[in-house]
Structures are given as C-alpha cells and as structure tokens.
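Comments concern the structure below.
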Amino acid sequence: MSDISPIETPAASPAKEYLQRGTASYRRASLALFLSGFSTFSLLYCVQPLLPIFADEFSVSPAQSSLSLSLSTGFLAIAIICAAAISEGLGRRSLMSISLVGAAALTIAAAFVPDWHLLLVVRALQGFVLGGVPAVAMAYLAEEIDPRGLGATMGLYVGGTAFGGMSGRVLTGIFAEYLTWRPAMFLIGAIGLAAAAGFIALLPASRNFIRRPGFDPKFHLKAWLAHMRNPALPFIFAIAFLAMGSFVTIYNYASFRLVAAPYDLTQTELGLIFTVYLFGIGASSIGGILGDRFGHFAVLLTGIAITAVGSALTLAAFLPVIIFGIIVLTSGFFMSHSIASGLVGKLARGTKGHASSLYMLGYYVGSSVMGSAGGWFFAIEGWTAVVFFTLGMLALAFAAACAARSLSRRKF
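Add 80 to a position in the sequence shown, counting from 1, and you land on the number used in the working numbering.
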C-alpha cells in the first residue's frame, strides 16, 4: 500500500483505506503514536516522584502536594471534551502536534516558577494543552488502522504511555536527587520537545477522517449523547474512571510511604522503582494480542483481577513484596486499559473521536478525583486504608466489565 497523501482531507471514495500491517505507513503511524503516548505520559507524570519534595519545599500536605498532578489530569479531562470537537474541524494530526509541543514548553516553564500556586497554574495549563492528544490518538487509530490489527496497534500506543510514564518518573527522580527538581523539570520538557518533533515527522496524514468545518455544538452534543445511550459503552467509561483512579492512588502515596521509615528510599531509589512500568509496556501489547485471539472482555476481566491482586500485595511490610505487588498491579492495569480503550472503537457507532473523548474523560477524572481522595485515606488511616480504597474501586470496575459484556450485542 502506498503512503498516505500529505493533505488531511476526506477520502474521495466512501470506501475506507486502512493502514495494513507490514506497510511503511503502518510502521510510521505505530512509531509516531508510540512517541505521542511516551511524551504525553512523561510530561504528565514527571511530578509524581516529586510529591514528597513539593510537600517539604512548599510546606503543604501530601493531599495538597498531589494537586500538582491532580490538577493536570483534571484539566486534561475537561480539555478532552473540547479536543474531540476541535479535532473534527482542525484535524487529528494537527491538534496532536500543537498539543505535544505546547505541553513540553509548559513543562520547561514550570522549572522557573517562584511559588507553589504558580506551579499549580502552570501544571493546570499543561494538563489542558495535553488534552489534545489522548482521545484524538485513539480516534486516529480507530479510523486509520485495519480493524484486524487494531488490538496490537492500540497495545503499542498504550505501551508508549507506559514507557513515557516510567521514563518521566524515573528520570525526574534521578535528576532531582543530583540536580534538584527545577533542572529535572527542564530536562523532561526538553525530552518532550524531541518526542514531539519525531511525532510530527512520522505520523501519516489521515485518510479516513472526514473534516467538519466550523463548530456545531448541537452536532457534538448529539454525538456524545448517542454514545451514552449505547448499552455497553457507559460501563467501559466507568471502568476507565475506576481502574485509573485505583492505579494513580497507589502510585501517588507509595512515594510517601517508601521515602519514610523504615524504608527511607532516596529519590533515585524511588525513581528506579518506577522501572516496573516496563512490565506495563509488555502487558499492554500482550493484552491487545490476547484480546484479538481469545476475546476482549475475557482479557479485560483478567486484567482487572490482576490489578486487584497487585494492590493487595502492597499491604506487605517486606519491601521486595511491595515492589512485586506494584509490578503485578502495573501489568494488570495496562492490560485492562489496552483492552478497554480498544473496545471503545469497536463498540462505538460512528463519531469515534467523541466516544474516545468520553472514555478518556472518565480515565482522567478518575486520576484527578480519586488520586486526591486517596490522600484523605492515607492521612487518616495510612496505607491499609489506601489499599482497601483501591480494592473497592476495582471491584466496581470488575462488575462494570461484566455488565458491558452482557449488554454488548456482539462478541468481542
């Protein structure tokens, strides 16, 4: 198959021309979307190992410190709704490119802020700018990739988010110990700019995208309401909220637990624990492949159950068991996220960008709201309360997956 035309316009024929596995354009798209996932999550989550540092330097509580992440994810959730609508007129590729460059520039700016409140403002703006990537990336894949290979490609994209989340956390932790947190933020922003440049150079223009000039609120509202009336999709959106909420809660407050006695980990040691994200990269790709072969709902339920097991294992006092629990939790989460995000494109009936935006809305609202709520449990009853809070969310996510499977009209 020839490469895609460089002009992002509707296809001349109503017949869709998908990117087929094995072609140069398919490989370029896969690598570009990997880079977009990497950049988005490295920029978004680079502050997570810095939360204890922020609490000390700015004299704020753990829950208040978590706002440097929760505000970003919260504003990202709001922006996702706008991004889905804007991308219908501007184009998927253009919006993602602008978002990646803008978010990297704001990360560099965060290195120079003089006080806590201004840092929160910059992080909120960064989250809003990043909203142009996640839902639009999923819509691009659903529109442009051959459905027979969508699971594997979506898994690779989610793997990019895992690698980015790991790299942002690990590198920031190491940089912060040896250079302090401000140079650490600057360097992460520079890496994000490089990833954005690679994305722009590699991503093929859309072939199946149909541009809708102007902004029609009625059209977008109708599209969102149509997806909410889909019997199965609202349960998939709920899974995004609950699974991501549990995952971020564990990662947010594990940092506070592990830098305190009896573990007393350094910032470098804490950052290196985040290398367990490598297991998430493998799990997301494997999950997509297994879903294509054995059924997506079966693998989704398995992933949620594995996440719960990992969360429970972190109750142990022995550090290696805690780390193993984080590995299990990370693997299960990325397996379930890879499957759930792919199911959105399969279950949606048209306007896939709008369906993806609702999924990502749930995903990031869960991160923002539940990630901060976990700080209340941590302050009142410690780590045990945090774990039981996450197990409750995962039990609800499992029930939602069962409901979505029974309400789906097709077997996936």
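Yeah, the Cβ is synthetic: ideal placement off N, Cα and C, and Gly gets one too.
Quick one: grab the DSSP three-state call for LEU99. Residue state, collapsed to three classes: strand.
Alpha carbon to alpha carbon, what distance is there between TYR98 and LEU305? Rounded to whole angstroms, LEU305 to TYR98 spans 28 Å at the Cα level.
Three or more beta-carbon pairs under 8 Å between the stretch 120-136 and the stretch 192-211, yes or no? Under the Cβ criterion (8 Å, minimum of three pairs), the stretch 120-136 counts as touching the stretch 192-211.
Any heavy atom of the ligand NAP closer than 7 Å to the CB of ALA277? You won't find the ligand NAP in this model; it holds no ligand whatsoever.
State buried or exposed for GLN100, treating a residue as buried only when at least 16 other CB atoms are found within 10 Å of its CB. Burial call: exposed.
Assuming the contact rule is C-beta atoms closer than 8 Å, VAL408 and VAL379 should be a hit. Round their C-beta distance to whole Å, please. Contact doesn't hold; Cβ gap of about 16 Å is too wide.
Does the count of Cβ pairs from the stretch 224-241 and the stretch 451-466 closer than 8 Å reach three? Touching, no.
Alpha carbon to alpha carbon, how far is THR187 from GLY272? Give it in angstroms, no decimals. Roughly 9 Å separates the two Cα atoms.
For ILE280: DSSP bridge partner residues: Answer is none; ILE280 lacks a bridge partner.
Tell me the rounded alpha-carbon separation between ILE366 and GLY360. Counting only the Cα atoms, GLY360 lies some 10 Å from ILE366.
Mark TYR357 as exposed unless 16 or more other C-beta atoms lie within 10 angstroms of its C-beta, in which case mark it buried. Here TYR357 is buried. Its C-beta has 16 or more other C-beta atoms within 10 Å.
So, ARG287 versus GLU224, is the Cβ gap smaller than 8 Å? By the CB criterion at 8 Å, ARG287 and GLU224 fall inside the cutoff.
CB-CB under 8 Å to GLY430, same chain, minus the five flanking residues each way: which ones, in chain order? Taken in chain order, the residues that qualify are ALA303 and ALA306.
Inter-residue Cα distance where the pair is PRO230 and GLY422: For the sequence presented, residue 230 should be read as Leu rather than Pro. Going from the Cα of LEU230 to the Cα of GLY422 covers about 7 Å.
Could you check which residue in ALA320, SER436 and ALA479 has the C-alpha nearest to that of SER448? Selected option, being the one with the closest Cα: ALA320.
Between the Cα of LYS96 and those of ALA459, TYR333, SER416 and ASP226, spot the shortest distance and give me the residue it belongs to. For the residues ALA459, TYR333, SER416 and ASP226, the minimum Cα distance to LYS96 belongs to ASP226.
Decide if the stretch 332-344 is in contact with the stretch 371-387; the criterion is three or more beta carbon pairs, one per stretch, under 8 Å apart. When Cβ pairs closer than 8 Å are counted between the two stretches, the stretch 332-344 is seen not to touch the stretch 371-387, the count staying below three.
From ALA396 to PRO132, what does the alpha carbon distance come to, in whole angstroms? The alpha-carbon separation between ALA396 and PRO132 amounts to approximately 22 Å.
Distance CB(ALA189)-CB(VAL181) smaller than 8 Å: Not closer than 8 Å, so no.
Which partner residues does ILE225 have in the DSSP bridge list? Per DSSP, LEU99.
Contact between the stretch 460-474 and the stretch 307-327 is defined here as three or more beta-carbon pairs at a separation below 8 Å; is this criterion met? Touching, yes, given that three or more Cβ pairs across the two stretches are closer than 8 Å.
With 16 other Cβ atoms within 10 Å as the buried cut-off, status of ALA104: Exposed, by the Cβ-count rule.
For SER110, which residues of its own chain have a beta-carbon under 7 Å away from its beta-carbon, when the five flanking residues on both sides are left out? Once the five neighbours on either side are set aside, the close Cβ partners of SER110 are THR233 and LEU236.
So, ALA435 versus LEU313, is the Cβ gap smaller than 8 Å? Taking 8 Å as the Cβ cut-off, ALA435 and LEU313 qualify as a contacting pair.
Starting from VAL127, follow the alpha helix (DSSP H) in both directions and report where the run begins and ends. Run containing VAL127: none; DSSP gives neither H nor E here.
Give, in chain order, every unbroken run of the alpha helix (DSSP H) that is at least 4 residues long and sits entirely within the stretch 310-364. As for any alpha helix (DSSP H) of minimum length 4 sitting wholly inside the stretch 310-364, the runs are 313-339 and 347-353, ordered along the chain.
How many angstroms separate the CA atom of LEU427 from the CA atom of LEU338? Each residue's CA atom was taken as its position, placing LEU427 and LEU338 some 41 Å apart.
For a test of the three-state rule: what should DSSP assign to THR410, helix, strand or coil? Of the three classes helix, strand and coil, the one that applies to THR410 here is helix, per DSSP.
Quick check: SER177 and PHE114, are their CB atoms within less than 8 Å of each other? With a cutoff of 8 Å on beta-carbon distance, SER177 and PHE114 are scored as not near each other.
Unbroken stretches of the alpha helix (DSSP H), 4 residues or longer, contained in the stretch 213-273: Listed in chain order, the complete alpha helix (DSSP H) runs (minimum 4 residues) inside the stretch 213-273 are 214-224 and 230-259.
Can you have a look at GLY102 and say buried or exposed, based on whether 16 or more other CB atoms are within 10 angstroms of its CB? Result: exposed.
Thinking SER145 and LEU199 are a contact (beta carbons under 8 Å), I'd like their distance in whole angstroms, please. About 11 Å separates the two Cβ atoms, so there is no contact after all.
In or out: TYR106 buried (at least 16 other Cβ within 10 Å) or exposed? Flag for TYR106 reads buried.
Provide the residue span of the alpha helix (DSSP H) that contains ARG173, from first to last. Where ARG173 is concerned, the enclosing alpha helix (DSSP H) stretches over 172-190.
How is ARG108 classed by DSSP in three states: helix, strand or coil? Three-state result, ARG108: helix.
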